[in-house]
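Residues 1041 to 1262 (my numbering) are what the sequence shown spells out, left to right. Note that beta-carbon positions come from the ideal geometry of N, C-alpha and C, so glycine has one too.
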Amino acid sequence: MRVLLAEDDEYLLSALTHALKHKDYTVDGVRSGTEANAALLSAPYDLVLLDLGLPGMDGTNVLSELRKRGEDMPVIVITARDRVEDRIHGLDIGANDYLVKPFDFRELEARMRAVLRKSHWRNQLELEFGSLKLNTNSGRLCMSDQELDLTPKESCILHALMSKAGQVVNKRLLVEQVSDWKDESSENAVEIVIHRLRKKLEAADVSINTVRGFGYVLEEKK
Ligand code: CA
1041 MRVLLAEDDE YLLSALTHAL KHKDYTVDGV RSGTEANAAL LSAPYDLVLL DLGLPGMDGT
1101 NVLSELRKRG EDMPVIVITA RDRVEDRIHG LDIGANDYLV KPFDFRELEA RMRAVLRKSH
1161 WRNQLELEFG SLKLNTNSGR LCMSDQELDL TPKESCILHA LMSKAGQVVN KRLLVEQVSD
1221 WKDESSENAV EIVIHRLRKK LEAADVSINT VRGFGYVLEE KK
């Protein structure tokens, strides 16, 4: 789950980045509207957390440019502007939700889950392979009758493997799913997630096999 966080308050930016990474989200942080706009043009994000009062380009312009391009990724506006008019304006130009500073991190997380649920609901996807059923929206995995919870990164990687079950998935493709700009050990990050997934799937009738020098393949156990 890749998140773009645009916030010019240095403290809030680093605190939120830290908290989100701790919850296993992949986060790219930017400090200006210009950078936010450039990031949105260059990479796919699952969710945007957008401050409105940003240097360079105002957050409302970033948002309206995004919507003009026909992009419908969920955007939660995070701002100190708490007048009703500002809120209405933000929602009118295409924000999915609105959070006024200061806020509780748990509330932000709950709202992120809610907009992600809604946005996936439009093309809800359930992937099935062997005894596994993955709801790519909630990240919930069913193994036979047992329900397992996956972290955002685990669900991302398993999603990629299940949608190409039986075929080798290039490791570099997986690295893109779980790494942010500053992450230098992204190959390691993939390996860690794969390791965790293998543990969770120990009892399943499928397994994640390594194809040395190339990537991973999800296969039925022989
Ligand atoms: Ca600001």
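- For residue 1133, three-class secondary structure by DSSP: Working through the sequence shown from its first residue, we reach residue 1133 at position 93. Coil, per DSSP.
- Task: Could you give the DSSP three-state label for residue 1044: helix, strand or coil?
- Result: What you label residue 1044 is simply residue 4 of the sequence shown in a count that begins at 1. Here residue 1044 sits in strand by DSSP.
- CB residue 1099 to CB residue 1073, shorter than 8 angstroms? The sequence position of residue 1099 within the sequence shown is 59, counting from 1. The sequence position of residue 1073 within the sequence shown is 33, counting from 1. Against a cut-off of 8 angstroms, the Cβ pair of residue 1073 and residue 1099 comes out as a contact.
- Item | Separation of residue 1202 from residue 1180, as counted between CA atoms | Position 140 of the sequence shown holds residue 1180. Position 162 of the sequence shown holds residue 1202. Rounded to whole angstroms, residue 1180 to residue 1202 spans 14 angstroms at the Cα level.
- Go ahead and label residue 1068 buried or exposed: buried means 16 or more other beta carbons lie within 10 angstroms of its beta carbon, across all protein chains shown. Along the sequence shown, one-based indexing puts residue 1068 at 28. By the 10 Å Cβ count, residue 1068 comes out buried.
- Reference residue 1071; option with closest CA among 1047, 1213 and 1166: In the sequence shown, counting from the first residue as 1, residue 1071 sits at position 31. Ranking 1047, 1213 and 1166 by Cα distance to residue 1071 puts 1047 first.
- Task: Quick one: residues in its chain with C-beta nearer than 6 angstroms to the C-beta of residue 1042, no 5 flanking neighbours on either side, listed in chain order?
- Result: On the sequence shown, position 2 is the one that residue 1042 refers to. Within the same chain, residue 1042 has close Cβ partners 1066, 1085 and 1086.
- Query: Hey, which unbroken runs of the beta strand (DSSP E) at 3 residues or more fall wholly within the region 1182-1208?
  - Reply: 1186-1189
- Query: If you draw a straight line from the alpha carbon of residue 1227 to that of residue 1190, how long is it in whole angstroms?
  - Reply: For this step, residue 1227 is matched to residue 187 along the sequence shown. For this step, residue 1190 is matched to residue 150 along the sequence shown. Approximately 20 angstroms, taken between the alpha carbons.
- Around ligand 1, what residues have a beta-carbon under 5 angstroms from a heavy atom of it, in chain order? 1048, 1091 and 1093
- Can you tell which of 1061, 1094 and 1083 has its C-alpha closest to the C-alpha of residue 1050? Numbered from its first residue, the sequence shown carries residue 1050 at position 10. Closest option to residue 1050, Cα to Cα, is 1094.
- Environment of residue 1161 [buried if 16+ CB atoms lie within 10 Å]: Within the sequence shown, residue 1161 is the residue found at index 121, counting from 1. Bear in mind that a pLDDT of 48 at residue 1161, under 50, signals an unreliable position, so the number given afterwards is only what the model happens to contain. Exposed.
- Query: Got a sec? Which residues, its chain only, sit under 8 angstroms from residue 1053 by beta carbon, not counting five neighbours each side?
  - Reply: As a position in the sequence shown, residue 1053 is number 13, starting the count at 1. So the qualifying residues of the chain are 1045, 1047, 1069 and 1071.
- Message: So, does the region 1136-1148 touch the region 1102-1111, judging by three or more C-beta pairs under 8 angstroms?
- Response: no
- Message: Looking at the secondary structure, which residues open and close the alpha helix (DSSP H) in which residue 1051 lies?
- Response: Taking the first residue of the sequence shown as position 1, residue 1051 is located at position 11. Here the alpha helix (DSSP H) through residue 1051 covers 1050-1062.
- Item | Closest residue to residue 1025 among 1178, 1092 and 1254 (Cα-Cα distance) | Given that the chain is displayed from residue 1041 to residue 1262, the structure contains no residue 1025 and the question cannot be resolved.
- Message: Mapping the DSSP letters down to three states, classify residue 1090 as helix, strand or coil.
- Response: Residue mapping note: residue 1090 aligns to position 50 of the sequence shown, counting from 1. In this structure, residue 1090 counts as strand in the three-state DSSP scheme.
- Task: Compute the beta-carbon to beta-carbon distance between residue 1237 and residue 1194, rounded to the nearest angstrom, for a pair I have assumed lies under 8 angstroms.
- Result: Within the sequence shown, numbered from 1, the residue matching residue 1237 stands at position 197. Within the sequence shown, numbered from 1, the residue matching residue 1194 stands at position 154. The Cβ separation is near 6 angstroms, so the contact holds.
- Please report how far the alpha carbon of residue 1183 lies from the alpha carbon of residue 1146, in whole angstroms. The count along the sequence shown starts at 1 and reaches residue 1183 at position 143. The count along the sequence shown starts at 1 and reaches residue 1146 at position 106. Their backbone Cα atoms lie some 29 angstroms apart in a straight line.
- Item | Beta-carbon spacing of residue 1231, residue 1245 below 8 angstroms | Residue 1231 sits at position 191 when you count from the first residue of the sequence shown. Residue 1245 sits at position 205 when you count from the first residue of the sequence shown. The answer is no: Cβ separation not under 8 angstroms.
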